[in-house]
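In the UniProt record's numbering, the protein residues as written are 1 to 270.
Scroll down for the structure; my scribbles are underneath it.
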Ligand SMILES: NC(=O)c1ccc[n+]([C@@H]2O[C@H](COP(=O)([O-])OP(=O)(O)OC[C@H]3O[C@@H](n4cnc5c(N)ncnc54)[C@H](OP(=O)(O)O)[C@@H]3O)[C@@H](O)[C@H]2O)c1
């Protein structure tokens with residue numbers, strides 16, 4: 001069993017998309033280590049329920065046994081740059097020095113080929129997975145650089161590295177995340193701010209339900225007969241990267257369920 005220890009005993013961890021899936025699991029995992037949390041998402045009531053769990057202890061409390069040292073909730077749509085800037089400017093003073101940003105908010109919409117995909121879906125994926133991540137990063141990075149301490153953990157995807165039919169804009173957004181993460185490393189040389197891109201494969205969360213716009217049957221079929229990654233598996237990877245000694249930077253970490261692999265090149269024969 002891993003005994004993760006935080007370099008800063010009560011870091012402020014800012015997690016976007018904390019109302020479900022990976023984000024909620026990452027919040028639970030950091031809470032278990034006694035971190036202070038800023039949890040952001042659009043569904044505020046979900047955040048409230050999570051905060052009650054993370055500060056109350058008892059049944060369902062955080063893995064690791066601890067409680068979050070503090071929890072601040074933000075109703076936030078990461079696509080709105082002004083709202084992101086305001087949320088960060090208005091953080092309570094004791095939570096304003098964010099040391100870990102987990103850019104997790106995002107997802108896929110649709111699985112249609114490019115020629116029939118909905119352009120509104122494309123725009124929303126770009127706005128969330130790319131622009132939302134940029135808004136949060138740009139707002140929090142100056143403080144991290146000034147304090148010479150921090151960690152930006154971006155949630156990418158195996159879709160960044162491996163094309164599959166219907167992944168078109170989603171995969172391209174995550175490829176942006178992969179390259180932007182590396183480019184940040186280049187800019188940040190000389191500071192102690194770390195940047196990591198975590199690239200999960202198939203994981204069971206609300207991801208497919210969102211992709212298929214509430215179609216439960218289609219979403220469930222994605223995971224049928226497979227043991228996918230869990231949100232907790234991904235949270236474990238995030239916390240591992242964040243708790244390595246401060247001189248160690250994981251640039252990119254790709255993880256998949258054992259039951260998922262590569263199909264090779266597709267060839268259409270006449
Ligand atoms: N599950 C997978 O198979 C998988 C694999 C690789 C990568 N990923 C990536 O992992 C990340 C988390 O996905 P998940 O699997 O945990 O999916 P999920 O269960 O659907 O959770 C997505 C989270 O993102 C938030 N979100 C979406 N749009 C937002 C916006 N505009 N502003 C603020 N928050 C927003 C949602 O909160 P609200 O709706 O409350 O705002 C929710 O908390 C995503 O970036 C996804 O692309 C997922």
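Idealized CB from N, CA, C, for every residue including glycine.
Start and end residues, alpha helix (DSSP H) containing residue 134: For residue 134, the enclosing alpha helix (DSSP H) stretches over residues 133-147.
Residues near residue 188 by beta carbon distance below 6 Å, same chain, minus five either side: Same-chain partners within the cutoff: there are none.
Which residues in the same chain as residue 63 place their Cβ atom closer than 7 Å to its Cβ, once the five residues preceding and following it in sequence are excluded? Short of 7 Å from the beta carbon of residue 63, and not among the five residues preceding or following it, lie these beta carbons of its own chain, in chain order: 28, 29 and 32.
So is residue 168 buried or exposed if we call it buried at 16+ other beta carbons inside 10 Å? Of the residues assessed, residue 168 falls on the buried side of the cut-off, its CB having 16 or more other CB atoms within 10 angstroms.
By Cβ distance, which residues of its chain are closer than 6 Å to residue 252, with the 5 residues on each side in sequence left out? The beta carbon of residue 252 is closer than 6 Å to those of 197 in its chain, skipping five residues each way along the sequence.
Skipping 5 residues on each side, what residues in its chain have a beta carbon closer than 7 Å to that of residue 114? Close CB contacts of residue 114 within its chain, under the 7 Å cut and outside five residues either way in sequence, are with 168 (chain order).
Does ligand 1 have a heavy atom nearer than 7 Å to the CB of residue 242? Incorrect: residue 242 has no Cβ contact closer than 7 Å to ligand 1.
If we define contact as Cβ-Cβ less than 8 Å, is residue 25 a contact residue for chain B? The structure shown contains no chain B; it holds only a single protein chain.
From the DSSP output, which residues share a beta bridge with residue 191? Partner(s): 189.
Cβ-based neighbour list, residue 176, same chain, cut-off 7 Å, excluding 5 preceding and 5 following: The beta carbon of residue 176 sits closer than 7 Å to those of 130, all from its chain and outside the five residues before and after it, given in chain order.
Boundaries (first-last residue) of the beta strand (DSSP E) holding residue 111: Unbroken run through residue 111: none, as it is neither H nor E.
Which residue from 34, 221, 132 and 54 puts its Cα closest to that of residue 155? Check the Cα spacing between residue 155 and each of 34, 221, 132 and 54: the tightest is with 132.
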